[in-house]
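Colleague: Structure below; questions to follow.
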Amino acid sequence: MPELAPLRIAFTNIPRRLWAGGYNYQRNLFEALNRYAPGAVTPVLFAGTADEPEEIAALAGIPAVEVVRSPVFDHAATGLARATNLARAIAFGLDGRAVAEFELRKIDMVFESARFFGWRLPFPAIAWFPDFQHRLLPHLFSKSAYWRRDLGFRVQIASGRHIMVSSASALADLKRFYPGLSNGVSVVRFATEPPAGLLTTNPSDVIAGYGLPARYFYLPNQFWRHKNHRIVVDALDLLKRRGLDIVVAASGNTQDSRDPDLFETTMKQVRSRGLDANFRHLGMIPLDHVYALLRASIALINPSECEGWSTTVEEAKSFGVPMILSDIDVHREQTEGRARYFGIHDAETLADHMSEVAQAAGPATVRNLLPNLEQRVEAFVADFVRLTRDAMASAAR
1 MPELAPLRIA FTNIPRRLWA GGYNYQRNLF EALNRYAPGA VTPVLFAGTA DEPEEIAALA
61 GIPAVEVVRS PVFDHAATGL ARATNLARAI AFGLDGRAVA EFELRKIDMV FESARFFGWR
121 LPFPAIAWFP DFQHRLLPHL FSKSAYWRRD LGFRVQIASG RHIMVSSASA LADLKRFYPG
181 LSNGVSVVRF ATEPPAGLLT TNPSDVIAGY GLPARYFYLP NQFWRHKNHR IVVDALDLLK
241 RRGLDIVVAA SGNTQDSRDP DLFETTMKQV RSRGLDANFR HLGMIPLDHV YALLRASIAL
301 INPSECEGWS TTVEEAKSFG VPMILSDIDV HREQTEGRAR YFGIHDAETL ADHMSEVAQA
361 AGPATVRNLL PNLEQRVEAF VADFVRLTRD AMASAAR
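In this text, residue positions in the sequence shown follow full-length UniProt numbering: the first is 1, and each later residue adds one.
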């Protein structure tokens with residue numbers, strides 16, 4: 001039988017400053033497709049003219065990835081602009097300028113992530129629903145932000161998109177919040193395999209460069225309210241009162257459009273409690289530094305109140321880094337019980353876990369990728385490729 005031609009799938013760039021997990025997801029997906037399913041998919045990345053050149057260059061350097069820069073894919077700066085784009089796609093049924101770019105590049109399929117291209121889109125489309133945070137934590141959203149997000153999901157469902165979720169937990173939420181849907185739905189649990197080039201940085205140099213001690217916990221979540229950094233500050237306060245001097249190194253974007261003062265008010269609490277040396281926020285750091293700090297840490301902490309399938313947890317799994325995680329369903333699913341868990345408001349249990357892990361930790365060590373990682377990533381790629389074929393077949397029918 002003749003081999004199938006690679007599916008040319010349109011992806012839109014996700015800037016790391018806006019959503020580091022989304023950027024890392026697509027970069028990891030493109031790398032994994034090239035390694036484990038060469039010739040199955042050609043990712044065509046549509047990026048805005050102002051997107052970070054180094055980030056785009058890293059994606060363009062992956063074999064088989066094509067990059068298109070166009071102002072059509074510039075990211076809307078305000079919620080009003082995003083709402084206007086969504087309204088146009090609904091009213092006219094088509095994001096005409098984007099479709100023209102897709103047709104010019106001979107696209108076969110569109111991967112929609114946080115952008116709707118219209119119910120008259122002339123291509124099969126997969127809509128990725130990472131999580132249902134607005135339904136699970138509605139108090140974190142303004143009314144307009146809540147309905148804009150919910151309307152986006154609803155029009156993608158109504159337009160017959162094949163829906164991709166990343167966990168059984170998210171699938172259960174999808175069925176609960178949007179009952180009766182008849183769309184094709186696929187659960188694709190991702191696994192990460194960082195490229196070798198990002199693992200050549202010496203962790204000792206990175207640790208020394210940031211002035212960190214040899215033993216520290218790592219918290220690489222963007223500073224968004226649902227990421228729940230404050231419970232870590234509360235736990236450090238409890239530990240200090242117990243006479244334990246423990247350091248948490250945190251990194252990631254500090255901007256949350258829903259709560260612009262969150263970072264500064266949290267750091268004021270850090271200073272007022274005398275925890276400046278214990279809670280060390282490093283800002284937005286290069287990816288090779290992220291992996292270096294993760295590999296050398298005592299343990300990863302993820303206190304998030306909501307996740308679809310945590311990128312930071314998946315990366316810790318890749319290296320066998322111990323994990324202390326909020327006790328939410330997806331963390332249990334993702335780690336199969338092989339972590340320590342605490343309630344999202346339970347600083348005391350978090351402090352207990354940190355104390356036990358710190359006191360039991362041996363000498364500082366740098367972990368390498370686990371030997372079973374290839375099988376997990378290969379399964380992820382197989383599930384994604386199967387999803388694309390299913391969506392194409394469904395559209396043909």
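Cβ coordinates follow ideal geometry from the N, Cα and C atoms, glycine included.
What does the Cβ neighbour count give for D108, buried or exposed, with the cut at 16 atoms within 10 Å?
Modeller: Burial call: buried.
Colleague: Can you tell me which of V165, E101, T192 puts its alpha carbon nearest to the alpha carbon of L375?
Modeller: Checking the displayed sequence, the identity of residue 375 turns out to be Gln instead of Leu. When only C-alpha atoms are compared, the closest one is T192.
Colleague: Closer than 6 Å by C-beta to A57: which residues in its own chain qualify, once you throw out the five before and the five after it? Chain order, please.
Modeller: Within the same chain, A57 has no close Cβ partners at all.
Colleague: Rank V155, L239, L171 by C-alpha distance to the C-alpha of F132 and give the top, closest one.
Modeller: Of the candidates V155, L239, L171, the one whose C-alpha sits nearest the C-alpha of F132 is L171.
Colleague: Go ahead and label residue 410 buried or exposed: buried means 16 or more other beta carbons lie within 10 angstroms of its beta carbon, across all protein chains shown.
Modeller: Residue 410 cannot be examined here, being either before or after the span of the chain that is shown, 1 to 397.
Colleague: Whose C-alpha, out of N253, A235, F217, is nearest the C-alpha of L294?
Modeller: It is F217.
Colleague: The alpha helix (DSSP H) spanning W147 covers which residue range?
Modeller: Where W147 is concerned, the enclosing alpha helix (DSSP H) stretches over 143-158.
Colleague: Specify, as a first and last residue, the run of the beta strand (DSSP E) that R389 falls within.
Modeller: From DSSP, R389 is part of no beta strand (DSSP E) but of the alpha helix (DSSP H) over 373-396.
Colleague: Is DSSP giving L33 helix, strand or coil here?
Modeller: Note: L33 maps to helix in three-state DSSP.
Colleague: Beta carbon of G48, beta carbon of N24: below 9 Å?
Modeller: No, these two residues do not count as a Cβ contact at 9 Å.
Colleague: How would you label F92, buried or exposed, when you count the other beta carbons within 10 angstroms and need 16 or more for buried?
Modeller: That one is exposed.
Colleague: Hey, Q156 and F190: beta-carbon distance below 9 Å or not?
Modeller: Their beta carbons are not under 9 Å apart, which means Q156 does not touch F190 by this criterion.
Colleague: If you draw a straight line from the C-alpha of F11 to the C-alpha of E66, how long is it?
Modeller: Their Cα atoms are separated by approximately 10 Å.
Colleague: Where G22 and R16 are concerned, what is the direct C-alpha to C-alpha distance, given to the nearest angstrom?
Modeller: If you take the alpha carbons of G22 and R16, they lie about 7 Å apart.
Colleague: Output the distance between the C-alpha atoms of P71 and S159, rounded to the nearest integer angstrom.
Modeller: Going from the Cα of P71 to the Cα of S159 covers about 26 Å.
Colleague: Evaluate T78 with the Cβ neighbour count: other Cβ atoms within 10 Å of its Cβ, from every protein chain shown; 16 or more gives buried, anything less gives exposed.
Modeller: The predicted model places T78 with a pLDDT of 47, which falls under 50 and marks its position as unreliable, so this point remains unresolved.
Colleague: What's the gap between the Cα of E307 and the Cα of E55?
Modeller: Their Cα atoms are separated by approximately 24 Å.
Colleague: For my contact list, V357 and P322 are in at a C-beta cut-off of 8 Å; report their separation, rounded to the angstrom.
Modeller: About 6 Å separates the two Cβ atoms, so the contact holds.
Colleague: Taking all protein chains shown into account, decide if N221 is buried (16 or more other Cβ within 10 angstroms of its Cβ) or exposed.
Modeller: When all chains shown are included, N221 counts as buried.
Colleague: P371: which of R105, A364, K317 sits nearest, CA to CA?
Modeller: Nearest C-alpha to P371: K317.
Colleague: Hey, which unbroken runs of the alpha helix (DSSP H) at 4 residues or more fall wholly within the region 172-220?
Modeller: Whole alpha helix (DSSP H) segments, 4+ residues: 203-209.
Colleague: What is the DSSP secondary structure of E264, counted as helix, strand or coil?
Modeller: Reduced to three states, the DSSP call for E264 is helix.
Colleague: For S297, I'd like the list of residues in its chain whose CB is within less than 7 Å of its CB, leaving aside the five on either flank, ordered along the chain.
Modeller: Cβ within range, chain order: Y216, F217, Y218, V321.
Colleague: Per DSSP, S326 is paired with what?
Modeller: Answer is F342, bridged to S326.
Colleague: Taking 7 Å as the limit between beta carbons, can you name the residues of its chain near W309, skipping five residues before and five after?
Modeller: For W309, where only same-chain residues beyond five positions count, the Cβ hits under 7 Å are S166, S167, R189, F190, V330, Q334.
Colleague: So, under 8 Å CB-CB, residue 440 and F342 are touching, yes? Tell me the CB distance rounded to an integer number of Å.
Modeller: There is simply no residue 440 to check, as the chain begins at 1 and stops at 397 in what is shown.
Colleague: Looking only at its chain, what residues have a beta carbon closer than 6 Å to the beta carbon of T254, apart from the 5 residues adjacent to it on each side?
Modeller: Result list for T254: F223, F263, in chain order.
Colleague: When you compare only the Cα positions, how much space is there between W119 and W147?
Modeller: Using only the alpha carbons, I get a separation of about 18 Å.
Colleague: Tell whether a beta-carbon distance below 9 Å holds between F123 and F102.
Modeller: Cβ distance < 9 Å, so F123 and F102 count as in contact.
Colleague: Where does the unbroken beta strand (DSSP E) through A250 begin, and where does it stop?
Modeller: First-last of the beta strand (DSSP E) with A250: 248-250.
Colleague: Within this structure, are the beta carbons of D390 and G184 separated by less than 9 Å?
Modeller: Result yes, Cβ atoms of D390 and G184 sit closer than 9 Å.
Colleague: Locate the beta strand (DSSP E) running through I126, then write down its first and last residues.
Modeller: Unbroken beta strand (DSSP E) run through I126: 125-128.
Colleague: Look at the alpha carbon of L236 and the alpha carbon of P194, and state the distance between them as a whole number of angstroms.
Modeller: Cα-Cα distance, rounded: 31 Å.
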